[in-house]
Amino acid sequence: MSHNRLAAAGVTLLFFFTLCALLAPWIAPHDPAKLNLSARLIGPSASHWFGTDELGRDVFSRTLYGARVSLSVAVAVVALSLALGLAFGMAAGFYGGWIDTVVNVYLTNAFLALPGILLAVAFVAFLGPSLVNLILALALAGWVNYARLVRAQVLSVKEREYVQAARSLGASDLRLMTRHILPNIVQPLLVQAAVGMATAVLAEATLSFLGLGVQPPTATWGAMLNDARSHLFESPYLVFFPAVAVALCVLAFNFVGDGLRDYLDPRSRSANHDGGL
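All the letters of the sequence shown, read from the start, carry residue numbers 121 to 397 under this note's numbering.
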């Protein structure tokens, strides 16, 4: 029951962040990029709910617009990583042989030899910081986990009776993979995707904090934290609000991932049901 409450809290938080991201142009009371040096470093007040930064920009408006970047990056990174992982993992698990050796032994181990965030930093530093390069870098660093998961699931599913029956009836490899295997491995992929979005939000904030994310004047949570470092003690609200936004967004995705895992796993559902009885 507690897992259900946490999942509901995660869904509520994600719905809230999505609304903030979509409605930011109408909700934000100020232009997030507008400078007002005469109003710099004003604490939270009725006119500036989250205060202003060192350039007089409204922190509340910038926090709202930062949600747009973080959620966009999370969705794009997970979609691209999942597509790459699905393609490579499906081929490796279904065909085996030298394809499995190349993908599972050489490619995945080569990418896993370096920390994902370090690989992303190197990629963005080489190509230059931008939104597109940030998404490509994080997808390049994250596709391996999906590929290994897909490969393991395909290996366990492809030998089952309904797949063998479809093969004996003359179904093509593409039909076997898309109509008989993929629908039966989608559950763990959904859980991994939810957790992957939390990782992508945190990674985007990290790269933006390092100056390798979306460039100014676009508002991002990581860049706001970087700008607030020099005012940490006299204006701690500059750190507090974007940090809380990052933490709550990551927590929401993790809660949703845990909820999906419990809901989609029959053993977890039966255990929870027995415990409730």
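Ideal Cβ positions, reconstructed from N, Cα and C, are used throughout, including at glycine. Computed from a predicted model, the values in this text were never measured in an experiment.
* By Cβ distance, which residues of its chain are closer than 7 Å to residue 273, with the 5 residues on each side in sequence left out? -> Your numbering for residue 273 matches position 153 in the sequence shown. Cβ neighbours of residue 273 within its own chain (closer than 7 Å, five residues either side excluded): 305 and 308.
Going by DSSP, what residues sit across from residue 172 in a beta bridge? Against the sequence shown, residue 172 aligns to sequence position 52. BP columns for residue 172 point to 178.
Distance CB(residue 338)-CB(residue 185) smaller than 9 Å: On the sequence shown, position 218 is the one that residue 338 refers to. On the sequence shown, position 65 is the one that residue 185 refers to. It is a contact, given that the beta carbons lie within the stated cut-off.
Practice problem: Return the CA-CA distance between residue 366 and residue 134, expressed in angstroms with no decimal places. | Solution: Within the sequence shown, numbered from 1, the residue matching residue 366 stands at position 246. Within the sequence shown, numbered from 1, the residue matching residue 134 stands at position 14. Taking the straight line from one Cα to the other gives about 12 Å.
Could you compute how far the alpha carbon of residue 128 sits from the alpha carbon of residue 194?
Reading the sequence shown from its first residue, position 8 is the one you call residue 128. Reading the sequence shown from its first residue, position 74 is the one you call residue 194. Each residue's Cα considered, the two are about 20 Å apart.
Once the 5 residues before and after residue 376 are set aside, which same chain residues still bring their CB inside 7 Å of it?
As a position in the sequence shown, residue 376 is number 256, starting the count at 1. For residue 376, same chain residues with a beta-carbon under 7 Å away, outside a window of 5 residues either side, are 127, 130, 131, 134 and 314 in chain order.
Quiz prompt | Separation of residue 300 from residue 226, as counted between CA atoms | solution = Numbered from its first residue, the sequence shown carries residue 226 at position 106. Numbered from its first residue, the sequence shown carries residue 300 at position 180. If I take the Cα positions, the gap works out to 28 Å.
Q) For residue 124, is the classification buried or exposed, using 16 other Cβ atoms within 10 angstroms of its Cβ as the cut-off for buried? A) Here residue 124 is taken as the residue at index 4 of the sequence shown, counted from 1. Exposed, since its Cβ has fewer than 16 Cβ neighbours within 10 Å.
- Helix, strand or coil for residue 155, going by three-state DSSP, please let me know. Translated into the one-based positions of the sequence shown, residue 155 becomes position 35. Reduced to three states, the DSSP call for residue 155 is coil.
Check your understanding: Going by beta carbon distance, what residues of the same chain come within less than 6 Å of residue 196, once the five residues before and after it are set aside?
Key -> Mapped onto the sequence shown, residue 196 falls at position 76. Its chain contains 255 as the residues whose beta carbon lies nearer than 6 Å to that of residue 196, once the 5 sequence neighbours on both sides are disregarded; these appear in chain order.
| message | Less than 9 Å between the beta carbons of residue 275 and residue 213, yes or no? | response | Along the sequence shown, one-based indexing puts residue 275 at 155. Along the sequence shown, one-based indexing puts residue 213 at 93. One thing to note: residue 275 has its Cβ within 9 Å of the Cβ of residue 213.
* To do: Reducing DSSP to helix, strand and coil, say where residue 201 ends up.
  => Translated into positions along the sequence shown, residue 201 becomes position 81. In the structure shown, residue 201 sits in a helix (DSSP, three-state: H, G or I).
For residue 281, which of helix, strand or coil comes out of DSSP?
Translated into positions along the sequence shown, residue 281 becomes position 161. Secondary structure of residue 281 (DSSP, three-state): helix.
Counting contacts by CB-CB distance shorter than 9 Å, is residue 203 in contact with chain C?
-> Checking the listed chains, one finds no chain C in this structure; it contains a single protein chain.
Taking the Cβ atom as the reference point for each residue, do residue 179 and residue 344 lie within a distance shorter than 9 Å? What you label residue 179 is simply residue 59 of the sequence shown in a count that begins at 1. What you label residue 344 is simply residue 224 of the sequence shown in a count that begins at 1. Their beta carbons are under 9 Å apart, which means residue 179 touches residue 344 by this criterion.
Exposure label - residue 278; buried when at least 16 CB within 10 Å:
What you label residue 278 is simply residue 158 of the sequence shown in a count that begins at 1. Within 10 angstroms of the beta-carbon of residue 278 lie 16 or more other beta-carbons, which makes it buried.
By the 10 Å Cβ neighbour count, where 16 or more other Cβ atoms means buried, how is residue 290 classified, buried or exposed?
Taking the sequence shown and counting its residues from 1, the one referred to as residue 290 is at position 170. Answer is exposed; the Cβ neighbour count stays below 16.
message: Since residue 201 and residue 259 should fall inside the 8 Å C-beta cutoff, what is the C-beta to C-beta distance between them, to a whole number of angstroms?
response: What you label residue 201 is simply residue 81 of the sequence shown in a count that begins at 1. What you label residue 259 is simply residue 139 of the sequence shown in a count that begins at 1. With a contact defined as Cβ atoms closer than 8 Å, residue 201 and residue 259 qualify at about 5 Å.
Q. Using the C-alpha atoms, what's the distance from residue 173 back to residue 383?
A. In the sequence shown, residue 383 corresponds to position 263, counting from 1. In the sequence shown, residue 173 corresponds to position 53, counting from 1. About 43 Å.
Worksheet item: From 351, 363 and 297, pick the residue whose C-alpha is nearest to that of residue 342; which is it?
Response: Position 222 of the sequence shown, counted from the first residue, corresponds to residue 342. In terms of CA proximity to residue 342, 363 leads the group 351, 363 and 297.
Worksheet item: In or out: residue 379 buried (at least 16 other Cβ within 10 Å) or exposed?
Response: Within the sequence shown, residue 379 is the residue found at index 259, counting from 1. Label assigned to residue 379: buried.
Self-check item: Coarse secondary structure for residue 327, derived from DSSP in three states
Solution: As a first step, residue 327 must be located in the sequence shown, where it is residue number 207. Three-state DSSP puts residue 327 in a helix.
If you reduce the DSSP assignment to three classes, tell me which class residue 334 lands in. Mapped onto the sequence shown, residue 334 falls at position 214. It is coil, neither helix nor strand.
Would DSSP call residue 291 helix, strand or coil?
Here residue 291 is taken as the residue at index 171 of the sequence shown, counted from 1. In the three-state scheme derived from DSSP, where H, G and I count as helix and E and B as strand, residue 291 is classed as coil.
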